[in-house]
Amino acid sequence: MSRKGECWDNAPMERFFGSLKSEWVPDDGYSSEHEARVDVQRYVMRYNNVRLHSYNDYRSPVAMEKLAA
């Protein structure tokens with residue numbers, strides 16, 4: 852949730868969930884909560900370690916953090 856009057860506070864999470872829904876979640880949904888949890892965890896691992904982000908000069912978030920360290 853964003854602070855009052857600060858609509859940009861929540862923008863990164865909105866972007867993440869938008870990508871999750873459009874790139875990963877099946878159109879017909881999941882058959883169980885367990886299946887959804889396992890699949891979303893796979894997406895988070897992919898998002899942080901493999902998926903390239905244009906904002907990070909086409910590097911993954913993990914690779915960008917290593918570069919910054």
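Quick note: this note's numbering has the sequence shown finishing at residue 920, numbered continuously throughout. Every residue gets a Cβ at the ideal spot worked out from N, C-alpha and C, and that includes glycine. Remember, predicted model here, so these are calculated numbers, not experimental data.
C-beta atoms of residue i and residue j nearer than 9 Å
i: L903; j: Y909; result: yes
i: Y898; j: P912; result: yes
Alpha-carbon spacing of residue i relative to residue j, whole angstroms
i: M896; j: K855; result: 32 Å
i: Q892; j: N861; result: 21 Å
i: G880; j: E874; result: 13 Å
i: V876; j: R888; result: 11 Å
i: N907; j: M915; result: 7 Å
Cutoff 6 Å; reference residue i; Cβ partners in own chain excluding five residues on either side
i: N900; result: S911, V913
Under the three-state DSSP convention, the category residue i falls into
i: R910; result: strand
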